[in-house]
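Input: a single structure, listed below in structure tokens.
Structure, rendered in structure tokens:
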């Protein structure tokens, strides 16, 4: 029998060490087993049943179902979720779920809206209920902690100064009490800083201090606008009151100084009582404007002041004092006595507002803190609904980091803070329902965690960060991780390649989730390689990224050696060294074949391959 040499003139690929004889360079050598890996379906299609079937054909038994676009998700018929569950049960597969890209914070590029947050919560809850159909015994559902396309809440870069790397904040997003977004940038300044007296080149940019300064200025501006309306109303009221005592005749030069023509005419004795009523109407109009502004500012400070502060107590006392009187001034005021009482209410409110020091009124808040609060609130609500409906089989909510600095929540610190806050809110809800604190915390840790996307965090490289920082990020988030999304890239664009094809420090990152093939606790490892399917897999599926992932990880083909990456480097295919199997010319040459027998006796079909090659007779 003919044989072929498998020696390629270089390092023998089946040596018991990790070969470098591959088209993609040195493997990651993480060694994750095939059974511990999962693959994501194509998120661009609603035909997830077909996607699952094609994944099962590769032999993989852990599959993440889902879609990126809410419109695609809404195109999946509800019956399909039950069918996917049946298919998984039939094949012994385990299905997890990726919810559509809906921002749980309620923040859009136009700002925050309470309705948008409630709508996001309802939509995500709907997807969680659909996910529960995939696995009645409980599954893991991923949705992004924030996903609206905005700059990072804090845009940071690494720069080299005097040979040392230093982190610098370039900009920060903030939010106003009415939900509008703004941005503070590290821009050159020419006027000295009020607090330090230094110009921009003499002090480091501190966005928090800059935010406090802008917040103080915004509060002073609010009071200035309020004073403008109130001052004009007060002038008219004083002028009208002085009409009541005609004995106090003003000198002619003082009369000429009166701005309001109606009031001036009264002092000049040119009009009757009807003109006086019109003057009262003018004063009432100005006072109502002052009142509306004062009321808005009372509402404003009530939102931003600490509930335990002296300033908040003053505001509450004022509200309690004036509440019984306000209904008297809903309608237009016609009497000077009522006008004077109304002015007193407005002036007392203004005095209360003026007593609040500007540094106590934080009108501008870092968007990171706000987004974390809202994301945690939505997550806790969904997790609690899930627990009430599905009990011990409730889906686990795993919040994912968005591509680095392309949303308000993207880093390990961000994800850690959201998860911790969401768990605390879950515990609070559970305790109110009568659950013990220990049981509540156990459920919170079980049902709320993180999905860590190693490719998303690697995009920090475009801001000057290196592998060491990516590994540190993994270490921070590791205690909260329920899933790991595996994709590789070069740190500049959101590409998704199989492991080992970019510069993600995969081995070091994965070891932060536990050494060995099973990973940290029961963390699920899911391959997301959309760009591989798009660009390098003919027809989108025929060249599945699971093969490249196993090669990149240096995973075992079976117990012992060889590894997948070692086989890939062999010049001839594995077992190809035996040469052509059962060559037909041998049978014909030595009379051992079926070529000369009639078909009815088992001979081969004319011009067809030998029966021994597997060609059927009919």
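Residue numbers (the working numbering): 1 to 618.
Each residue gets a CB set at the ideal place from its N, CA and C atoms; glycine is no exception.
Note that the structure is predicted; figures quoted are calculated from it, not measured.
- The three-state reading of DSSP puts residue 227 in helix, counting H, G and I together.
- Restricting attention to 294, 301 and 322, the CA atom closest to the CA of residue 312 is found in 301.
- When C-alpha distances from residue 176 are compared across 111, 63, 145 and 159, the shortest belongs to 111.
- As for any beta strand (DSSP E) of minimum length 3 sitting wholly inside the segment 88 to 144, the runs are 94 to 98 and 140 to 144, ordered along the chain.
- Annotation for residue 61: 35, 91, 92, 93 and 94 place their beta carbon closer than 8 Å to its own, counting only its chain and skipping 5 residues before and after.
- Scanning its chain for C-beta atoms nearer than 7 Å, with the 5 sequence neighbours on each side dropped, one finds around residue 167 the residues 156 and 158, in chain order.
- Within its own chain, the residues whose Cβ lies closer than 8 Å to the Cβ of residue 393, once the five positions on either side in sequence are excluded, are 132, 136, 137 and 138, listed in chain order.
- A distance of 7 Å or more separates the beta carbons of residue 427 and residue 339.
- The alpha-carbon separation between residue 492 and residue 461 amounts to approximately 7 Å.
- Under the criterion of beta carbons closer than 8 Å, residue 66 and residue 99 qualify as touching, at roughly 7 Å.
- Rounded to whole angstroms, the separation of the alpha carbons of residue 486 and residue 215 is 42 Å.
- The bridge partners DSSP lists for residue 172 are 154 and 184.
- Leaving aside the five residues that flank residue 117 on each side, the residues in its chain whose CB is nearer than 7 Å to its CB run, in chain order, 105, 106, 374 and 378.
- Across the set 480, 465 and 437, the C-alpha of 480 shows the shortest separation from the C-alpha of residue 449.
- Under the three-state reduction of DSSP, residue 527 is assigned to strand.
- For the segment 457 to 527, the continuous alpha helix (DSSP H) assignments of 4+ residues that do not extend past its boundaries occur at 467 to 477 and 506 to 511, in sequence order.
- Our two residues, residue 232 and residue 280, have alpha carbons roughly 13 Å apart in a direct line.
- A direct Cα-to-Cα measurement between residue 343 and residue 336 gives close to 10 Å.
- Our two residues, residue 185 and residue 432, have alpha carbons roughly 43 Å apart in a direct line.
- Scanning 140, 125, 161 and 120 for the CA closest to the CA of residue 148 turns up 120.
- Contact between the segment 494 to 501 and the segment 526 to 536 is present, with at least three C-beta pairs closer than 8 Å.
- If you compare the alpha carbons of 411, 459 and 383 with that of residue 423, the shortest gap goes to 383.
- In the DSSP annotation of this structure, the continuous segment of the beta strand (DSSP E) that includes residue 451 starts and ends at 448 to 453.
- Residue 398 and residue 83 have their C-alpha atoms roughly 24 Å apart.
- If you look at residue 62, you'll find it isn't in any alpha helix (DSSP H); it sits in the beta strand (DSSP E) that goes 62 to 66.
- A direct Cα-Cα distance of roughly 23 Å separates residue 316 from residue 221.
- When DSSP states are grouped into helix, strand and coil, residue 213 belongs to the helix group.
- Its chain contains 171, 173, 183, 405 and 406 as the residues whose beta carbon lies nearer than 8 Å to that of residue 151, once the 5 sequence neighbours on both sides are disregarded; these appear in chain order.
- The straight-line gap separating the alpha-carbon atoms of residue 113 and residue 179 is approximately 7 Å.
- In the DSSP assignment, residue 383 falls within the alpha helix (DSSP H) that extends over 367 to 390.
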